[in-house]
Structure formats: structure tokens, C-alpha cells
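Quick note: the sequence shown uses this note's numbering, first residue 2, plus one each step.
The beta carbon of each residue, even a glycine, is placed where N, CA and C say it ideally should be.
Since the structure is predicted, the reported quantities are computational estimates derived from the model, not experimental observations.
To start, the structure under review is shown below, and the notes come after it.
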Amino acid sequence: MCPMTDPWRGAVLITGTDTEVGKTVVTAAITAAAQAAGLRVAVVKPGQTGTATGAPGDVEAVTRLAAPMTGRTLASFPDPLAPLAAARVAELPPLELYNAVDAVREEADKHDLVLVEGAGGLLVPMGLRPSGEPWTVADLAVSLGAPAVVVARAGLGTLNHTALTLEALERRAVPAGVVIGAWPAGPELVHWANLSDLLPNLLGALPAGAGAMDPGVFRRSAPGWLTPALYGVLDDWRAWADEIS
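So, in C-alpha cells, the structure goes:
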């Protein structure tokens, strides 16, 4: 699947090949690059889990790094589980699909770009439809008619996970591209080999540790990690590779 090359507008889903692949930091980087380009950006987190730990949520993390115009979490649950399971365990109402769709569309009416960050991977159960059936981030993308950014690892195993995620999106006619969530400071052969295989779908690559940067440095640096489709300035992967190496 070849990603779109024109800058993405409206609602854009941020999903991943797994949990802890860097979705939140990639969301922040796209936010920073788009706002540097003059766009009004909103970030929506449909389901935030693990709030009992007291750690900042994903919207708070994006706000610290990139300061979007609007940050919004639709539902929060205490346990670090998939959102539907977390709602069930906490005996809280699960997030309903069309409430999430309406909330994203509401923000799209007021912003140029709405980044919707999922939880875990593409097919993690997020909540329930009015029929009582579970829905996923993939279902949300289809309902919104939105493209998806797939955040992937750089190392061993990423090609299979990324291909499966892209295939699932292609079957649903959802345009998609890939961003590497954390490119290592000392890349090895496996990282370079994976980069070569991912290039046809690649829209960016963030350095490992980007989320720990000073927010001002992060915002200035973010456009250099992303291609023009995501409001960055990275347009020559060969030059990028030469600089990194």
C-alpha cells in the first residue's frame, strides 16, 4: 500500500503495530510539524487506560511536547488494559463507537487536522457499537473515512507486524503510511535492512528518546523527522541515512 503524498487534512488515525511503539510521541511530532506549518491541530484520545497509576495520560504527554490547540480524552479507565476490557473490569460504561465518531467530527469542524490516537494495535477492542458488538480503531477509521499512520518498531519482527497491520487497513480501503517510532542511535544491520523494506510506505522516523527532549527542541526538530505528507521536510531518505550513519 503506497501512502498518500499530499499533506493529510481532517481526521487522521494514529495506530501502531503493538503497544509501546511510540504512538504518543509520533502524535506529538505530527502535531508540532503541522502547527509549525500554520495548521490548527486537535488531538483526541478515544480511550485512555491505566489512569490509576497517576502517570500523565497520552493527551497530557502530547500537550507537554507539542501544545496542540485542543487536547481531548473521551473516556478514561483505571486499569492498564484494552479500553473495552478496562471498562468492563471497572464496571464503567464502554465508549460507544458513534459517540467517538461524533466527537472527532466536532473537532474536525474547528480544526484543520485532528489526530486520533488509538490504544495498542489496530484491532484492540475499544468499546461497543449500539448493537453491543465491539469496535476497534480500524472501525473508527472506516467510520470517519480517515487515513491512518502506523507507528512501527525499527528492529527484528517489525516487518511481519507492519505488513499485517497495513494489510488489515488495505482490506478496509483505509490509506496508510508508516512512521518508525524510535530509530536507534546505533543502528545495526537489522535496522538498515528493515528501513529498506519499509521505505515504500515510510512517512517518517523519530530518534529514540525523542519523548524525553526539551519541548522547545522537540518542536523545532519534529519537521525533520517527517515527510511533507505529515508536514515535515524530510524528502530524501538517502541523505537522511547518510546523516544518521
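Does the Cβ-Cβ distance between residue i and residue j come in under 8 Å?
{"i": "L14", "j": "G48", "result": "no"}
{"i": "P69", "j": "V42", "result": "yes"}
{"i": "L123", "j": "T137", "result": "yes"}
{"i": "V152", "j": "V63", "result": "no"}
{"i": "V175", "j": "L141", "result": "no"}
{"i": "A139", "j": "P84", "result": "no"}
{"i": "W226", "j": "G212", "result": "no"}
{"i": "V179", "j": "L203", "result": "yes"}
{"i": "P229", "j": "P8", "result": "yes"}
{"i": "A35", "j": "L129", "result": "no"}
{"i": "P94", "j": "A88", "result": "yes"}
{"i": "Y99", "j": "P131", "result": "yes"}
{"i": "L160", "j": "D198", "result": "yes"}
{"i": "W238", "j": "L200", "result": "yes"}
{"i": "R172", "j": "V143", "result": "no"}
For residue i, which residues of its own chain have a beta-carbon under 7 Å away from its beta-carbon, when the five flanking residues on both sides are left out?
{"i": "A155", "result": "I181, A183, W184, P185, H192 and N195"}
{"i": "V32", "result": "With the sequence shown as reference, residue 32 is identified as Thr, and Val is not the correct amino acid for it. These residues qualify, in order along the chain: V42, V44, V63, A67, P69 and L116."}
{"i": "D59", "result": "T25, K46, Q49 and E118"}
{"i": "D236", "result": "T228 and P229"}
{"i": "T74", "result": "K46, Q49, G58 and V60"}
{"i": "H112", "result": "R41, V42, A43, M70 and T71"}
{"i": "R65", "result": "P216"}
{"i": "V234", "result": "P224 and G225"}
Please check the pair residue i and residue j, which I expect to be a contact at CB under 8 Å, by giving their CB distance rounded to whole angstroms.
{"i": "T163", "j": "T20", "result": "Actually they do not touch by this definition, with Cβ atoms about 15 Å apart."}
{"i": "A37", "j": "P224", "result": "6 Å"}
{"i": "L207", "j": "A30", "result": "6 Å"}
{"i": "A12", "j": "A147", "result": "4 Å"}
Which residues does DSSP list as the beta-bridge partners of residue i?
{"i": "L82", "result": "According to DSSP, L82 bridges with nothing at all."}
{"i": "G17", "result": "V152"}
{"i": "R73", "result": "V45"}
{"i": "P95", "result": "Bridge partners of P95: none, in fact."}
{"i": "G11", "result": "L114"}
{"i": "T50", "result": "F78"}
{"i": "L227", "result": "G205"}
Excluding the 5 residues preceding and the 5 following residue i in the sequence, name in chain order all residues of the same chain whose CB lies nearer than 6 Å to its CB.
{"i": "L170", "result": "A149 and A177"}
{"i": "E168", "result": "none"}
{"i": "G51", "result": "P81"}
{"i": "P79", "result": "T52, A53 and A91"}
Within 7 Å: the Cβ of residue i and any heavy atom of the ligand ZN?
{"i": "P135", "result": "This structure does not include the ligand ZN; it has no bound ligands of any sort."}
Short of 8 Å in beta carbon distance, which residues of its chain neighbour residue i, apart from the five on each side in sequence? Order them along the chain.
{"i": "T54", "result": "P81"}
{"i": "E61", "result": "G72"}
{"i": "P135", "result": "L85, P126, M127, G128 and L129"}
In the segment 154 to 219, which residue ranges form an unbroken beta strand (DSSP E) of at least 3 residues, counting only runs that do not cross its ends? DSSP runs (the beta strand (DSSP E)) wholly in the segment 154 to 219: 177 to 184 and 203 to 208.
Pick out the complete alpha helix (DSSP H) segments inside the segment 107 to 145, 4 residues or longer, and give them in chain order. Listed in chain order, they are 138 to 145.
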